[in-house]
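Structure, as structure tokens:
Spelled out as structure tokens, the structure:
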């Protein structure tokens, strides 16, 4: 016969089970929860198992063709509708009501993880919640993970009325921003060392302010001219500008354009640091509540 667990042991086990931060995941425009789950599934299992990820379909059918058509199967959804230039939006209030209803049903949630249109909403929600215009019936959002995000009211996006003051003061919750850049390879040939070549890899906009870093390496017998590798995220500049509205944001840059990227060793280290940060925050909040 097994030993019966005391009340204190049961509580300790429950705390361990609930330790993983519960995260609501919001997919990009004209995709789906299932598609986003597959994209995020490329990340290392050792990272994913530290988070309790819940993927949600957006409430509205797409108003245009999906960019993933032919790659991922339908159905596709979007969180709200936008005109072609993204300056005017509709059904935004209904989207907020839908999100709150889902959070009440499947929560509580600790944080948000969003990509593209889902990231735009995720970035705005903490400020909207602070202003009392959204998510008033659910616990405070404790952190956000933004992949290829942007700010409502920025240079490329119109400003819904309910989001007017979302960034009126810096967003205080921890945030991780994953931004697509372009990696350029410039080939320099030195006659004295031919056929030795020197390749310089520039990471454009490695830091806010447009600073560049260079990496140098030697390669033998390069058979073709070096070309740009990777794509520029069309929301890159908006994603960088968004950093100014968050307190102490952590940032991951990648060369894969507007996409959920695979994470290299350095990116994994940054992501792990972020997870540890929110875990410490959770522990601090638990201790504070018990005092």
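Numbering (full-length UniProt numbering), first residue to last: 1 to 291. Glycine included, C-beta positions come from ideal geometry on N, C-alpha and C. Since we're looking at a predicted model, the values are computed, not measured.
{"Query": "Shorter than 6 Å, the distance from the beta carbon of residue 99 to the closest heavy atom of the ligand NAD, or not?", "Result": "Absence of the ligand NAD is noted for the structure shown, with no ligands found whatsoever."}
{"Query": "Could you tell me which residues DSSP pairs with residue 52 in its beta bridges?", "Result": "22"}
{"Query": "Which residue marks the beginning of the beta strand (DSSP E) containing residue 180, and which one marks its end?", "Result": "175–180"}
{"Query": "Suppose you measure from the CA of residue 240 to the CA of residue 179; what does that come to, to the nearest Å?", "Result": "8 Å"}
{"Query": "Use the C-beta contact count for residue 255: other C-beta atoms within 10 angstroms, 16 or more gives buried, fewer gives exposed.", "Result": "buried"}
{"Query": "Measuring only the C-alpha atoms, how far is residue 42 from residue 77?", "Result": "22 Å"}
{"Query": "From this set, 105, 48 and 122, which residue's C-alpha is nearest residue 262's C-alpha?", "Result": "48"}
{"Query": "Kindly indicate which three-state DSSP category residue 147 falls into: helix, strand or coil?", "Result": "strand"}
{"Query": "At the level of alpha carbons, what is the spacing between residue 246 and residue 173?", "Result": "8 Å"}
{"Query": "Are the region 164–173 and the region 117–129 in contact at 8 Å, needing three or more beta carbon pairs?", "Result": "yes"}
{"Query": "My guess is that residue 117 and residue 79 are in contact by the Cβ rule of under 8 Å, so how many angstroms apart are they, rounded?", "Result": "5 Å"}
{"Query": "Going by DSSP, what residue range makes up the alpha helix (DSSP H) through residue 242?", "Result": "236–242"}
{"Query": "Could you pull out every residue in the same chain whose Cβ sits closer than 6 Å to the Cβ of residue 55, ignoring the five residues on either side in sequence?", "Result": "25, 33, 36 and 37"}
{"Query": "May I ask you to report which of helix, strand or coil DSSP gives residue 309?", "Result": "Not covered by the structure: residue 309. The range shown for the chain is 1 to 291."}
{"Query": "So what's residue 46 in DSSP terms, helix, strand or just coil?", "Result": "helix"}
{"Query": "When DSSP labels each residue in this structure, what does residue 116 get in the three-state scheme?", "Result": "coil"}
{"Query": "Assuming residue 151 and residue 242 are in contact, meaning their beta carbons sit under 8 Å apart, how far apart are those beta carbons, in whole angstroms?", "Result": "5 Å"}
{"Query": "Taking the straight line between their C-alpha atoms, what separation do you get for residue 143 and residue 70?", "Result": "34 Å"}
{"Query": "To the nearest angstrom, how far is the alpha carbon of residue 135 from that of residue 93?", "Result": "11 Å"}
{"Query": "State yes or no: is the C-beta of residue 158 within less than 7 Å of the C-beta of residue 120?", "Result": "no"}
{"Query": "For residue 230, name the three-state secondary structure that DSSP assigns.", "Result": "Residue confidence for residue 230 is low, a pLDDT of 45 falling below 50, so the modelled location carries little weight and cannot support an answer."}
{"Query": "So, using beta-carbon positions, are residue 30 and residue 62 closer together than 7 Å?", "Result": "yes"}
{"Query": "For residue 132, count the other beta carbons within 10 Å of its own beta carbon; 16 or more makes it buried, fewer makes it exposed. Which is it?", "Result": "exposed"}
{"Query": "Quick one: grab the DSSP three-state call for residue 131.", "Result": "coil"}
{"Query": "What separation, rounded to the nearest whole angstrom, lies between the Cα atoms of residue 233 and residue 83?", "Result": "20 Å"}
{"Query": "When you compare the CB positions of residue 141 and residue 115, do they come within less than 7 Å of one another, or not?", "Result": "no"}
{"Query": "Just how far apart, CA to CA, sit residue 112 and residue 89?", "Result": "22 Å"}
{"Query": "Tell me the DSSP secondary structure of residue 270 in three-state form.", "Result": "helix"}
{"Query": "If we cut at 7 Å on Cβ distances, does residue 265 have a partner in chain D?", "Result": "The structure shown contains no chain D, having only a single protein chain."}
{"Query": "Using DSSP with H/G/I as helix, E/B as strand and the rest coil, what is residue 256?", "Result": "strand"}
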